[in-house]
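Counting in numbering that gives the first Met the number 0, the sequence shown runs from 0 upward without gaps.
Every residue, glycine too, gets a C-beta built ideally from N, C-alpha and C.
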Amino acid sequence: MSKTGLAFALAGLLLLGGCMQATLSPSSEANFTPRDRQLLAHPPYAEAKIPEQFQRHIVDYDRREAPGTILVDTDARYLYYVMPNGKAIRYGVAVGEEAMAFSGVATVGKMAEWPDWVPTPEIQARLGPYPKRVAGGPANPLGARAIYLYQGNKDTLYRIHGTNQPEYIGQAISSGCIRMTNTDVADLYSRVTTGTTVVVLPPGQSVGGRLFAGRA
0 MSKTGLAFAL
10 AGLLLLGGCM
20 QATLSPSSEA
30 NFTPRDRQLL
40 AHPPYAEAKI
50 PEQFQRHIVD
60 YDRREAPGTI
70 LVDTDARYLY
80 YVMPNGKAIR
90 YGVAVGEEAM
100 AFSGVATVGK
110 MAEWPDWVPT
120 PEIQARLGPY
130 PKRVAGGPAN
140 PLGARAIYLY
150 QGNKDTLYRI
160 HGTNQPEYIG
170 QAISSGCIRM
180 TNTDVADLYS
190 RVTTGTTVVV
200 LPPGQSVGGR
210 LFAGRA
């Protein structure tokens, strides 16, 4: 190989290495409260290793949503939190039938830490019986945080929430809205406020995965 060709090859490797470099955050539990740490010290479920493509990453983002917007890509099993300068935080999620049933634009109308879960009549009929109300805690299917989506003053019944089944991240399962690991939903929760815009893509309009520039 000529010196010129070798120089170009080395330059290409350096560029590729720069694109694929993963930068760990100081702590994946940085947004946990003392209560979070207490409740999750001995969770009633097995720890699950999340596949790398569904771990949290910073990615290139070329859509038109404004910084601070949440975009949910149910087909690809990703949720994006849009940041300035053409970047976004991409989280892997699990989706269920309720998640697939909603698309469009909503706003965050309510937020809760360790929310209670009230099974809907449809869930009771299909998967029950459940108690009428399940108190917040590590055994609760809503997990550590819940973000409630509204259109106007109406609750869409669509949620972004944590999970007590992290092994399903990256999958479509029989029931539920958008599920995130408890560490990821705590991170997202710390970034959003009521009034945040949420865009949920309809089936068939996936933006697909983006080449990551570093892990968040």
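Handout entry: Complete alpha helix (DSSP H) runs within the segment 89 to 136 (minimum length 4 residues, chain order)
Key = Every unbroken stretch of the alpha helix (DSSP H) spanning 4 or more residues and falling wholly within the segment 89 to 136 is given here in chain order: 96 to 99 and 120 to 126.
Handout entry: Straight-line Cα distance separating Asn152 from His56
Key = Near 33 angstroms, if we compare the C-alpha coordinates of Asn152 and His56.
Problem - Cβ pair Val71, Val191 closer than 9 angstroms - result: Taking 9 angstroms as the Cβ cut-off, Val71 and Val191 do not qualify as a contacting pair.
Practice task
With DSSP as the reference, please indicate the residues paired to Arg158 in a beta bridge.
Solution key: Tyr147, per the DSSP bridge assignment.
Exercise for the section: Give the secondary structure of Tyr44 by DSSP, where H, G and I count as helix, E and B as strand, and everything else as coil. Expected result: Under the three-state reduction of DSSP, Tyr44 is assigned to coil, being neither helix nor strand.
Problem - Segment contact, 8 angstroms Cβ cut-off, at least three pairs: the segment 136 to 144 with the segment 162 to 172 - result: Three or more Cβ pairs drawn from the segment 136 to 144 and the segment 162 to 172 lie within less than 8 angstroms of each other, which places the two stretches in contact.
Practice task
Report all residues from its chain with a CB closer than 6 angstroms to the CB of Gly108; omit the five preceding and five following residues, and keep chain order.
Solution key: Contacts found: Tyr147 and Tyr149.
Practice task
Determine the closest residue to Gly135 out of Leu126, Pro128 and Asp115, with distance taken between C-alpha atoms.
Solution key: It is Asp115 whose Cα lies nearest to the Cα of Gly135.
Exercise for the section: Identify the continuous alpha helix (DSSP H) that holds Asp59 and give its terminal residues. Expected result: It is not in any alpha helix (DSSP H) - Asp59 instead sits in the beta strand (DSSP E) that spans His56 to Asp59.
Practice task
Kindly indicate the opening and closing residues of the alpha helix (DSSP H) around Leu187.
Solution key: Boundaries of the alpha helix (DSSP H) around Leu187: Asn181 to Arg190.
Problem - Where the alpha helix (DSSP H) through Asp72 begins and ends - result: Taken as a continuous stretch (DSSP letters only), Asp72 belongs to no alpha helix (DSSP H), being part of the beta strand (DSSP E) at Ile69 to Asp72.
Exercise for the section: Tell me, please, which residues DSSP counts as bridged to Leu78. Expected result: When beta bridges are read from the DSSP output, Leu78 appears opposite Val71 and Tyr90.
Problem - Reference Lys131; option with closest CA among Val117, Ala45 and Thr193 - result: Checking every option, the nearest Cα to that of Lys131 belongs to Val117.
Exercise for the section: Could you work out which residue in Arg62, Pro137 and Asp35 is closest to Gly85 when comparing CA atoms only? Expected result: Comparing Cα positions, the closest option is Arg62.
Exercise for the section: Under the assumption that Phe31 contacts Ala185 (Cβ atoms under 8 angstroms), give the Cβ distance between them as a whole number of angstroms. Expected result: Yes, Phe31 and Ala185 are in contact; Cβ-Cβ is about 6 angstroms, under 8 angstroms.
Problem - Test item: CB-CB of Ile172 and Arg158 under 9 angstroms - result: Contact check for Ile172 against Arg158 fails: the beta carbons are separated by 9 angstroms or more.
Handout entry: Separation of Glu121 from Gly169, as counted between CA atoms
Key = So the alpha carbons of these two residues sit roughly 24 angstroms apart.
Handout entry: Span separating the alpha-carbon of Ala111 from that of Gln37
Key = Rounded to the nearest angstrom, the two C-alpha atoms are 18 angstroms apart.
Problem - Alpha carbon of Leu126 to alpha carbon of Ser174, nearest angstrom - result: Approximately 9 angstroms, taken between the alpha carbons.
Practice task
Using the Cα positions of Glu28 and Ala40, report the straight-line distance between them to the nearest angstrom.
Solution key: Going from the Cα of Glu28 to the Cα of Ala40 covers about 12 angstroms.
Handout entry: Between the CA atoms of Tyr77 and Val199 - distance to the nearest angstrom
Key = Val199 and Tyr77 have their C-alpha atoms spaced approximately 11 angstroms apart.
Exercise for the section: Could you check the C-alpha separation between Met179 and Val92 for me, to the nearest Å? Expected result: About 5 angstroms.
Problem - Reduced DSSP category for Arg36 - H, G, I as helix; E, B as strand; rest coil - result: Arg36: helix per DSSP, three-state reduction.
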